[in-house]
Amino acid sequence: MHPTWQQSPQDAERLAELLAESQRIQGLSLGRDAWRRLKRTRTAMASLGFLVLVGVLAVLTPLLPIASPREVHTERRFAPPELSPFWAERIPLVDDEGRVDEAAVTAAFGELNLLDRALVRLRVALFGEHCVASVCGTDELGRDVLARIFWGGRVSLLVGVVAALVSLVIGVSYGAVSGYLGGLVDDAMMRLVDVLYAIPFIFVVIYLITVLSALEASLNKSFDRITLFFFVVGAIYWLTMARVVRGQIISLKNEQFAEAARTIGAGRARIIFRHLVPNLLSVVIVYLTLTIPRVMLFEAFLSFLGLGVEPPDVSWGLLANQGLRVITPVRIYWWLVVFPAIALGATLFALNFLGDGLRDALDPRLKHR
Amino acid sequence: MTSTGRTLFPYLAAGAMIAAVVWSLSFGTLERADFTFVNSTEIKSVDPAMVTGQPEGRIIRTISEGLLGWDPETLAPVPGVAASYDVSDDKKTYTFHLRDDAAWSNGEPVTADDFSYSFRRFLHPEIAAEYAYLLWDVVGAEDFSTMRLEVGQPVEIELLDRPEGALPFAPGRRISGVLKEVIEEGGGTDGGADNTDGGNGNGTGKVYVVDVGGTERRFRRGDVPSADDDVEACRWVLRDFETVGIRAPDDHTLEITLKHPVLYFDKLMGFYPLFPVNRTCVETYGYPAWTKPEHIVSNGPFQLKFRRIRDRIRMEKNPHYWGRDDVSLETIDALAVESVTTALNMYMTGEVDYVPEVPRTILQEIQAQGREDFSAEPFLANYHYLFNVEKPPLDDVRVRRAINMAINKQEIVDTVTQGGEIPARSIVPPMVSGYSAAECDAYDPEAARALLAEAGYPGGKGFPTLEILYNTHETHQTVAELIQAQLRNELGINVGLRNEEWGTCLNSRRTGDFMMCRAGWIADYDDPNTFLDMFMTSNPNNHTRWSDEEYDRLLEEAAECEDPQQRMQMLHDAEAVLMSEMPVVPLYQYVRPTMVQPYVKGFYNNALDVHPLKYVSIDKELKRELAGH
Amino acid sequence: MLVFVLKRLLWMVLTVWAVFTVSFLLMRAVPGGPFDSEREVPPEIKANLEKRYHLDEPLYQQYFRQLAGAARFDFGPSYKLADYTVGEVIAEGLPISASLGLLAMSFAVVLGVTAGTVSALRRQSVLDVTLMSIATIGIALPNFIIASICVILFVFVIPIFPAAGWGSISNLILPAFCLGAPFAAYIARLTRTGMLDVMGQDYIRTARAKGLSGRTVVVKHALRGALLPVASYLGPATADIMTGSLVVEQIFAIPGLGSHFVKAALLRDFPLAMGLVVLYTVLLYSMNLLVDISYTYFDPRVRLE
């Protein structure tokens, strides 16, 4: 929002016009222009900040002094949130000689990649074996909810981002090719999309999950349910993207710059992916910020059906679903549903607001309003 | 669209919305029934020959009645349609004496012929009842059911045409004869009229030469009249039912002859798949139309009045039931509520009187509150893990025993299931009457580690990742997670979990695509056999691929044994073999955590979780009192 | 317009056929059959069962048998609800799902459009952010959480609604609200965006210039244009909502179609699954057709060809 808006709309109007004009003179790119406008939207900026924070925390989770998300302490089941003693808990990570015990790390956090193991070593160096108390309580097996939220966030965000990217790659390529080629090919490709739209997703999900598990067994190689997820969800969510992109390409392909490329003899593939697709950036970004929340919700729904992430891995959807099971009139273990719901809700909230802000910022028609 | 259309559009839209509300309310409400209970899931059918599950059992027990019933407290056989029965000295012939006043819900009497007809239908291959094997101990029943034929044997042939005056869905005309010869036709697939039907020895590619009253006739199975002049088409060629050991000498006597003594046969007669169906009704409407509330005729204390899929089954008192004076309830509702939490919510608001399952997560809390309407009684069902004994290292009995000893079953029931389940050391629950179970090794992590080291994996070193397969369910998941943690901590074994939805999981189990797999078993009747025979080499339920001659021999001998005590000893010995070989880890015996409103009287907990509703009554005063307060 | 409708119907038939074929292949490719159970059925009996449902035939024969059935809208008996044919299952479930769905949808439209319009007109104000925040909660939380919280609040804390079941109007309100909430949120956001787009158009400026009151401009002119994206969203959304929602149906024990969708797939009830797929496709197409026709109302420039 412009600072002088409240004082006098006319002034603001004029000022904005002047500003825009000067910007045009400087030859400001569309991206930078949009960024400027985005910066003026407080909700979007707050959302962006929050998301960056969430992302950083997710990446740095192994570094944080929190408990293990999978260690079972049956004697502490359903312990309510507690703040004190805040720094008394310990988690065994170090062997007798003071070195990081890899087996203990795997037991506490699961199989980790190189970066994560390095982060765990750094954590031990910084905090030792200490971890914070169960500030979010514990679940039915006495596992620390705070740790589960953090580690679950990694999975959920990864699922959301990667699945959205998969859908993006498929959707953009498909839509661009269809839109550019036009005619019979376009018709055929779009009919296929129509058909896929009409197939209830649940069949597709069950089909893909079982077929991929069978593949896993026959290859004798274990890839986890999370990996499967990328394919499953990506395979479902590209349809809308394909339609949107196709529409955009159709309106773009007869623009002068495309003609120009054609006259200098650029091939079809080059025109589509070098010249046309980059012009879709704004649509794509907006769509991305709106697809991630849908994918994450979808993951939660699959957890509700029991087809989601496999324990001992956790995700926010899985946590929310576990929380749901303890909302009964007899007793409500509120912390099991409130904290995961806040984590999931706040992230999706921010993503939606950022998506809105981006759409407003990237839409030239809203520029001066 | 015209301009009038344009102005009308918003009103049309609004009208549609109002119509939707009115429409949805037009389905009407039923008065709350005297007794409403949650029946877990929508039932597959009310036809006793079509079903296998507990929810189906609850309905069929309410609307039908078998020769015998079960006492609601002790499960001892009590008179049903049969007022009494005799057993011959060799324990092979049961004679049931039917009561005179037993009647169908249309007022007609229930006769021995009705049972003979129902058993015949139950065994008939066309019905393909999944429980048909329960009657296979009856002379000739297995042959009849599985279409097994021998040359020289009396057979019956069902022709395509129906006898004159038959009901629309009656079977074709039946003629009897003696099988002379079976001629295989080249390859069995030619002719193209139909396919072979697998290896069950009664394919359509066969011509049956039968001596019918002195003349030799030839038959071939098929749905269309035969083109050959000398071969007649027929629907079925089966062992003559007259030679099957089920006879009705008169209207009130039914005689059943067994191949060998079956000590639990009287209990079996109270099992719901063996309840009768009304012949006139079945043959007038055919399946499934005869099961519709407007058509069905049944012989139980209640009758079916209304069904809405996944909503409710409304039952009303049967005015013709012989024991009608002792039946207190007038109406019963069975609600198909699948979510246990929702069921609990409805119970808490007083919308239902009985819930057969309570969410696991709140069991502890409910027990702590000391509610009197809550109970968790053990029943004859167990929860176990199967090993695939062909997958190394599980082919080593030491590894299997080590795993069993490293699992802290007490911790599982204390922290996961929490309903007061009993940690199991045997596959047959100890509460089976007249039987003492053989136990496996107790929990002993120390010994487990030693045994694992002996098998070549000291401290779990070199042990490949073990995988636990379970079907998607919260309890299975939590149990598997806990066992995963226990094995890792005690034996240093890495355990992976694989969760598959039901259909896929069963398929993996059958094809042996698993290492360890969760399984459960609910007893059909109160006898160890129901738990033990599934580990015999020939049993299709034996997914472990474990095979032991001694075990098979003991069970086969026990089946023929006439002396109850000796038989139980043989079964015990067989279980001892099973529990030392450990193709299966028994984990715990189920309890059924249920809640029943305090004003419900005549409702008992028992080992099979069976609650005959004809004994149930409502203390209306107490109900009013509780509601007011 | 008649030609347009006919053409669309032709496409619908083709699509239904394609969807049918794809779903058929998908289902048959998945391991596990309808007669698998924890209690293994003896092979002889299983063979008879499969024969009864023609599962012993070669796959192509089964395909043509089912396709012929589908063409007559006769999908045969359900495997798992053996007393019913697929037609009967749908006939019982669809009215329930449809009425609940329409109620939820009307609630969603009224709430969503109002919230979206208000917040677009007061862009960047506190009211805008508040309304949009509420709307976003509808999208940001899984509806099983919303539903469970509603149950605790309005059944137990403030006991005004029954816990679950089907039959009276009080049974209807809570599920309709929970079912409609995410849709309301989505519609609010679509309306807001559409409104913002429209308010910048020339014809709005003209309407203002000729001295119409703000209310008239918004309701008579702007809203119509702004609702275009909402209308095209409503098509598929209505098809979705009318075929039921698994989550809401489970939590409120409503005998709609939603659970059948998932159950049929999980339990390999092939005929029921095929019936539902065809139903869903037909509904989806009809709704989209309705939407296209309704465009002529919202935007007079649109002519159906």
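Chains as they are written, first to last, in numbering that gives the first Met the number 0: chain A, 0 to 368; chain B, 0 to 628; chain C, 0 to 304.
Glycine included, each C-beta is placed from N, C-alpha and C at the ideal position.
On a predicted model such as this, the values are computed, not experimentally measured, just so you know.
Exposed or buried, residue i, counting other C-beta atoms within 10 Å across all chains shown (16 or more means buried)?
{"i": "residue 193 of chain A", "result": "buried"}
{"i": "residue 147 of chain C", "result": "buried"}
{"i": "residue 191 of chain B", "result": "Caution applies to residue 191 of chain B, whose pLDDT of 36 falls short of 50 and renders its modelled position unreliable; the model cannot decide the point."}
{"i": "residue 403 of chain B", "result": "buried"}
{"i": "residue 324 of chain C", "result": "Nothing about residue 324 of chain C can be read from this structure; chain C reaches only from 0 to 304."}
{"i": "residue 239 of chain C", "result": "buried"}
{"i": "residue 626 of chain B", "result": "exposed"}
{"i": "residue 624 of chain B", "result": "exposed"}
{"i": "residue 28 of chain C", "result": "exposed"}
{"i": "residue 329 of chain A", "result": "buried"}
Taking Cβ positions, are residue i and residue j nearer each other than 7 Å?
{"i": "residue 167 of chain A", "j": "residue 285 of chain A", "result": "no"}
{"i": "residue 265 of chain C", "j": "residue 89 of chain C", "result": "no"}
{"i": "residue 526 of chain B", "j": "residue 271 of chain B", "result": "no"}
{"i": "residue 94 of chain C", "j": "residue 506 of chain B", "result": "no"}
{"i": "residue 633 of chain B", "j": "residue 256 of chain B", "result": "The structure shown does not extend to residue 633 of chain B, since chain B is modelled only from 0 to 628, so the question has no answer here."}
{"i": "residue 239 of chain B", "j": "residue 155 of chain B", "result": "yes"}
{"i": "residue 352 of chain B", "j": "residue 53 of chain B", "result": "no"}
{"i": "residue 316 of chain B", "j": "residue 301 of chain B", "result": "yes"}
{"i": "residue 163 of chain A", "j": "residue 346 of chain A", "result": "no"}
{"i": "residue 326 of chain B", "j": "residue 613 of chain B", "result": "yes"}
{"i": "residue 536 of chain B", "j": "residue 388 of chain B", "result": "no"}
{"i": "residue 335 of chain B", "j": "residue 313 of chain B", "result": "no"}
{"i": "residue 195 of chain C", "j": "residue 119 of chain C", "result": "yes"}
{"i": "residue 41 of chain A", "j": "residue 360 of chain A", "result": "no"}
Going by beta carbon distance, what residues of the same chain come within less than 8 Å of residue i, once the five residues before and after it are set aside?
{"i": "residue 632 of chain B", "result": "No information on residue 632 of chain B is available, as it lies outside the stretch 0 to 628 that chain B covers here."}
{"i": "residue 235 of chain C", "result": "283, 286 and 287"}
Can you list, in chain order, the residues of its chain whose CB lies under 6 Å from that of residue i, leaving out five sequence neighbours each side?
{"i": "residue 79 of chain A", "result": "136"}
{"i": "residue 257 of chain C", "result": "243, 244, 245 and 248"}
{"i": "residue 418 of chain B", "result": "362, 375, 590 and 592"}
{"i": "residue 316 of chain A", "result": "298, 299, 302 and 307"}
{"i": "residue 69 of chain A", "result": "311"}
Considering only residues of the same chain and omitting the five flanking positions on each side of residue i, which have a CB-CB separation below 7 Å?
{"i": "residue 492 of chain B", "result": "459, 462, 465 and 486"}
{"i": "residue 9 of chain A", "result": "none"}
{"i": "residue 398 of chain B", "result": "392, 451 and 454"}
Determine the closest residue to residue i out of the options, with distance taken between C-alpha atoms.
{"i": "residue 257 of chain A", "options": "A:240, A:239, A:243 and A:277", "result": "A:277"}
{"i": "residue 161 of chain B", "options": "B:171, B:167 and B:154", "result": "B:171"}
{"i": "residue 447 of chain B", "options": "B:110, B:344, B:294 and B:488", "result": "B:488"}
{"i": "residue 428 of chain B", "options": "B:287, B:343, B:529 and B:556", "result": "B:529"}
{"i": "residue 632 of chain B", "options": "B:496, B:97, B:229 and B:321", "result": "An answer regarding residue 632 of chain B cannot be provided, because it is not within the stretch 0 to 628 covered by chain B."}
{"i": "residue 55 of chain B", "options": "B:68, B:66 and B:41", "result": "B:41"}
{"i": "residue 232 of chain C", "options": "C:8, C:129, C:184 and C:171", "result": "C:184"}
{"i": "residue 101 of chain A", "options": "A:72, A:123, A:88 and A:186", "result": "A:123"}
{"i": "residue 139 of chain B", "options": "B:258, B:357 and B:619", "result": "B:258"}
Just to check, is the beta-carbon of residue i closer than 6 Å to a non-hydrogen atom of the ligand ATP?
{"i": "residue 243 of chain A", "result": "The ligand ATP is absent from the structure shown, which contains no ligands of any kind."}
Short-range partners of chain C found in the stretch 295 to 313 of chain A, where Cβ spacing is below 8 Å = 296, 299, 300, 303 and 304
Residues in the stretch 180 to 213 of chain C having any Cβ partner in chain B nearer than 8 Å | none
Residues from the stretch 88 to 116 of chain A in contact with chain B, defined by Cβ distance under 7 Å | 106
When you check each C-beta in the stretch 389 to 423 of chain B against every C-beta of chain A, which residues fall closer than 8 Å?
-> 410, 413, 414 and 415
Taking any Cβ of chain A, which residues in the stretch 345 to 371 of chain B have a Cβ under 7 Å from it, in chain order?
-> 347, 358, 360, 361, 364 and 365
Within 9 Å of chain C by C-beta, residues of the stretch 191 to 206 of chain A in sequence order | 191, 193, 194, 195, 196, 197, 198, 199, 201, 202, 203, 204, 205 and 206
Select from the stretch 126 to 147 of chain A all residues with a C-beta closer than 7 Å to any C-beta belonging to chain B, and list them in chain order.
-> 139 and 140
Name, going along the chain, the residues of the stretch 467 to 487 of chain B whose beta-carbon falls closer than 8 Å to a beta-carbon of chain A.
-> 471, 472, 473, 476, 477, 479, 480, 481, 483, 484 and 487
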